[in-house]
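Only one structure is covered here, and it is reproduced in the block below.
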Amino acid sequence: MTSFRSYPTGIIKKSAKRLGIGIKLVRFRDKAQAMAALDALLARGQPVGLQVGIYWLPYIPPALRFHFNGHNLVVYGKTDDSYLVSDPVVDRPVTCSAEDLMRARFAEGPLAPRGKLYYPVRVPSEPDLASAVSKALTDTRHRMTHIPLRMFGVRGISYMAEQIVTWPGRFGERRARQMLAWIIRMQEEIGTGGAGFRFMFAAFLQEAAELMKKEALKEISMAVTEAGDRWRAFALAAARICKRKIDAARGYPEAGNILIDCAAREKDVFRSLKKAGF
Numbered sequence: 018m019t020s021f022r023s024y025p026t027g028i029i030k031k032s033a034k035r036l037g038i039g040i041k042l043v044r045f046r047d048k049a050q051a052m053a054a055l056d057a058l059l060a061r062g063q064p065v066g067l068q069v070g071i072y073w074l075p076y077i078p079p080a081l082r083f084h085f086n087g088h089n090l091v092v093y094g095k096t097d098d099s100y101l102v103s104d105p106v107v108d109r110p111v112t113c114s115a116e117d118l119m120r121a122r123f124a125e126g127p128l129a130p131r132g133k134l135y136y137p138v139r140v141p142s143e144p145d146l147a148s149a150v151s152k153a154l155t156d157t158r159h160r161m162t163h164i165p166l167r168m169f170g171v172r173g174i175s176y177m178a179e180q181i182v183t184w185p186g187r188f189g190e191r192r193a194r195q196m197l198a199w200i201i202r203m204q205e206e207i208g209t210g211g212a213g214f215r216f217m218f219a220a221f222l223q224e225a226a227e228l229m230k231k232e233a234l235k236e237i238s239m240a241v242t243e244a245g246d247r248w249r250a251f252a253l254a255a256a257r258i259c260k261r262k263i264d265a266a267r268g269y270p271e272a273g274n275i276l277i278d279c280a281a282r283e284k285d286v287f288r289s290l291k292k293a294g295f
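Residues in the sequence shown are numbered from 18 upward in steps of one, following the numbering used here.
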């Protein structure tokens, strides 16, 4: 495992609490009951969030399917025997048959969703955005710098850099390339991390700077963007290794050094956030 994230629906619960939004969350044992509850909510015009197993969604390209049960999507309508779906990994609205959706809602294995659905029951007219942003930044800084295990946060980036350099000798070049390709896949295509998420965080910091009138956040945003560029450079270096466009003896240390630089940059970012009062 080289990618970790919050527990499924954890971000949604935290966001709702900080913004004063009431969320109703329900799990089910019976599949028919779970689908009937979804239909009843849709019939009254209520969009519904679902936790599902992404492997069983037919509109996801086969190359991007893997057994992960912590995926979230929104169902906003139904036509005949198909559901109208807004999925964060697809750039357009899609449809999903009732059979496929039920299978995804009751996928088995780790983090099994058990038919979980959720929807808002209370939305304030004027949420306290400044307070929510402040709490979110403090929480993010703490999770990236204060989890005591080496595999998480900024320390986890450095740890992975150290491990990557040893892979060819420990596992052989073929297996090492497979593992490196999995990292790229998880961080840039289907997972939660890498350059894309740094750019999202940088954009969030820019908006937060305007909202909270804190110029320091603009400078931190630029530093996060630069860190994202380095993550992109790592993905490129790793891809060159996987495609055998660079000698392994040279390629793995170079990729590891880029990751070490990423960790150092992000450590400075979170130190700056703490100085800024978060």
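Note that CB positions come from ideal geometry on N, CA and C, so glycine has one too.
- Between Gln68 and Tyr136, the CB-CB gap reaches or exceeds 7 Å.
- Annotation: the continuous beta strand (DSSP E) that includes His88 extends over His88 to Thr96.
- For Arg282, the CB contacts under 8 Å within the same chain, skipping 5 residues up- and downstream, are Ala240, Glu243, Ala244 and Arg247 in chain order.
- Within the model, the alpha-carbon separation for Asp104 versus Ser148 is close to 28 Å.
- Gly170 sits in a helix when the DSSP states are folded into three classes.
- Take the alpha-carbon of Tyr72 and the one of Thr112: they are about 16 Å apart.
- The segment 117-131 and the segment 84-93 touch, with no fewer than 3 CB-CB distances between them shorter than 8 Å.
- Per the C-alpha coordinates, the member of Gly66, Ala80 and Glu236 positioned closest to Leu101 is Gly66.
- For Thr26, the three-state secondary structure derived from DSSP is coil.
- In the three-state scheme derived from DSSP, where H, G and I count as helix and E and B as strand, Ser238 is classed as helix.
- Approximately 4 Å separates the beta-carbon atoms of Ala51 and Gly132; this is inside 8 Å, confirming the contact.
- Ala255 sits away from Ala266, with the two beta carbons spaced by 7 Å or more.
- If you draw a straight line from the Cα of Ser238 to the Cα of Phe287, it comes to about 11 Å.
- Counting along the chain, the unbroken beta strand (DSSP E) around Arg139 starts and ends at Leu134 to Arg139.
- Ala80 counts as exposed, since fewer than 16 other beta carbons sit within 10 angstroms of its beta carbon.
- Under the criterion of beta carbons closer than 8 Å, Cys259 and Leu197 qualify as touching, at roughly 6 Å.
- Gly37 is a Cβ neighbour of Pro141, given a cutoff of 7 Å.
- Per the coordinates, the alpha-carbon of Arg109 lies some 15 Å from the alpha-carbon of Gly94.
- Annotation for Pro75: Cys113, Ser114 and Asp117 place their beta carbon closer than 8 Å to its own, counting only its chain and skipping 5 residues before and after.
- Within the segment 32-107, the complete beta strand (DSSP E) segments at least 3 residues long are 39-43, 65-69, 88-96 and 99-103, listed from N- to C-terminus.
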